[in-house]
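Notes for the one structure printed next.
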Amino acid sequence: NAGVTQTPKFQVLKTGQSMTLQCAQDMNHNSMYWYRQDPGMGLRLIYYSASEGTTDKGEVPNGYNVSRLNKREFSLRLESAAPSQTSVYFCAVGWNTEAFFGQGTRLTVV
Amino acid sequence: AQSVAQPEDQVNVAEGNPLTVKCTYSVSGNPYLFWYVQYPNRGLQFLLKYITGDNLVKGSYGFEAEFNKSQTSFHLKKPSALVSDSALYFCAVRDWGSGDKLTFGTGTRLAVRP
Chain Y
13 NAGVTQTPKF QVLKTGQSMT LQCAQDMNHN SMYWYRQDPG MGLRLIYYSA SEGTTDKGEV
73 PNGYNVSRLN KREFSLRLES AAPSQTSVYF CAVGWNTEAF FGQGTRLTVV
Chain E
44 AQSVAQPEDQ VNVAEGNPLT VKCTYSVSGN PYLFWYVQYP NRGLQFLLKY ITGDNLVKGS
104 YGFEAEFNKS QTSFHLKKPS ALVSDSALYF CAVRDWGSGD KLTFGTGTRL AVRP
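Right, dumping it as structure tokens:
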């Protein structure tokens with residue numbers, strides 16, 4: 013039982029490159045979230061998905077896209093990475109109770 | 044829109060003393076409230092939650108929190124701090140009426156000195 017699994021754990025991108033962050037859960041929760049964590053800013057919601065096939069914007073969606081193809085997986089895509097997207101990204105799952113977090117992806121855009 | 048405020052960037056306390064980490068919230072409906080802890084280079088771990096019922100909730104590692112509706116607060120407390128409690132603490136809120144968004148505060152770093 014892995015809970016919430018994020019891949020990759022670390023990534024360095026050049027400005028303008030694209031990449032997809034993957035998140036998979038085996039907890040059978042409907043809701044999934046993508047957050048970014050920056051010093052002094054706490055966790056800011058990028059996108060969330062209340063159920064399979066639905067997605068909604070959070071506080072800071074610009075520059076990102078998401079895909080919820082099935083109940084288990086929720087991916088975050090950066091189409092053209094910018095230095096401002098250097099951050100630690102967390103995926104979380106939950107429904108009406110506590111959210112469970114992955115271990116994070118540390119992304120650096122140079 | 045829902046929001047959470049953690050007014051202290053850092054809280055310093057001596058081991059063995061009581062600790063309080065403050066949190067206030069704003070929602071349009073009834074809140075679900077949460078506390079999470081983050082250790083260095085780790086994800087967030089759930090500590091405790093308030094959904095309904097008793098205003099004093101108890102959670103992991105001896106932590107507790109008191110829900111105060113009139114003051115819209117949900118402060119985290121522990122009677123006797125340990126050095127191992129040193130970490131980053133986040134308060135979060137979900138509004139019953141606003142769908143499924145979970146909003147976090149900016150975090151409070153707790154430093155417990157021996």
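Line order of the protein sequences matches chains Y and E. This note's numbering numbers the first residue of the first sequence as 13 and each following residue consecutively. This note's numbering numbers the first residue of the second sequence as 44 and each following residue consecutively. Ideal placement from N, C-alpha and C gives every residue a C-beta, glycine not left out.
How far does the beta strand (DSSP E) with residue i in it extend, from its first residue to its last?
i	result
methionine 44 of chain Y	43 to 50
valine 121 of chain Y	117 to 121
serine 96 of chain Y	Careful: serine 96 of chain Y lies outside any beta strand (DSSP E) and carries neither H nor E.
glutamine 23 of chain Y	22 to 25
alanine 48 of chain E	46 to 48
Since I believe residue j is in contact with residue i (beta carbons under 8 Å), could you give me their beta-carbon distance rounded to a whole number of angstroms?
i	j	result
valine 80 of chain E	glutamine 88 of chain E	5 Å
leucine 66 of chain Y	tyrosine 59 of chain Y	The sequence given here places threonine at residue 66 of chain Y; leucine does not occur at that position. Not confirmed; about 11 Å, so no contact.
glycine 116 of chain Y	glutamine 18 of chain Y	6 Å
phenylalanine 110 of chain E	phenylalanine 117 of chain E	5 Å
valine 16 of chain Y	glycine 114 of chain Y	4 Å
arginine 80 of chain Y	glutamate 64 of chain Y	6 Å
aspartate 52 of chain E	threonine 151 of chain E	7 Å
alanine 104 of chain Y	tyrosine 45 of chain Y	4 Å
phenylalanine 102 of chain Y	glutamine 49 of chain Y	6 Å
What are the residues that DSSP puts in a beta bridge with residue i?
i	result
serine 79 of chain Y	Y:Ser87
methionine 31 of chain Y	Y:Leu90
aspartate 68 of chain Y	Y:Tyr60
glutamine 37 of chain Y	Y:Val16
glycine 106 of chain Y	Y:Ser43
glycine 54 of chain Y	Y:Asp50
glutamine 53 of chain E	E:Arg152
Taking 9 Å as the CB-CB cut-off, is residue i touching chain Y?
i	result
lysine 92 of chain E	yes
tyrosine 79 of chain E	yes
glycine 96 of chain E	no
leucine 87 of chain E	yes
aspartate 143 of chain E	yes
aspartate 138 of chain E	no
phenylalanine 15 of chain E	Given that chain E is displayed from residue 44 to residue 157, the structure contains no residue 15 of chain E and the question cannot be resolved.
threonine 67 of chain E	no
glutamine 49 of chain E	yes
phenylalanine 106 of chain E	no
tyrosine 75 of chain E	yes
When you compare the CB of residue i with every CB in chain E, is at least one pair closer than 9 Å?
i	result
glycine 54 of chain Y	yes
tyrosine 76 of chain Y	no
glycine 28 of chain Y	no
phenylalanine 102 of chain Y	yes
glutamine 32 of chain Y	Looking at the sequence shown, residue 32 of chain Y is not glutamine but threonine. Output row for threonine 32 of chain Y: interface = no.
leucine 57 of chain Y	yes
aspartate 38 of chain Y	no
threonine 67 of chain Y	no
threonine 19 of chain Y	no
phenylalanine 112 of chain Y	yes
threonine 109 of chain Y	yes
glutamine 115 of chain Y	yes
### Message
As an exercise, report each continuous beta strand (DSSP E) stretch of at least 3 residues that is fully enclosed by the region 57 to 105 of chain E, in chain order.
### Response
62 to 64, 67 to 69, 74 to 81, 87 to 93, 99 to 101
### Message
Just to confirm the assignment: which complete beta strand (DSSP E) runs, minimum length 3, are found wholly within the region 107 to 149 of chain E?
### Response
107 to 111, 116 to 121, 130 to 138
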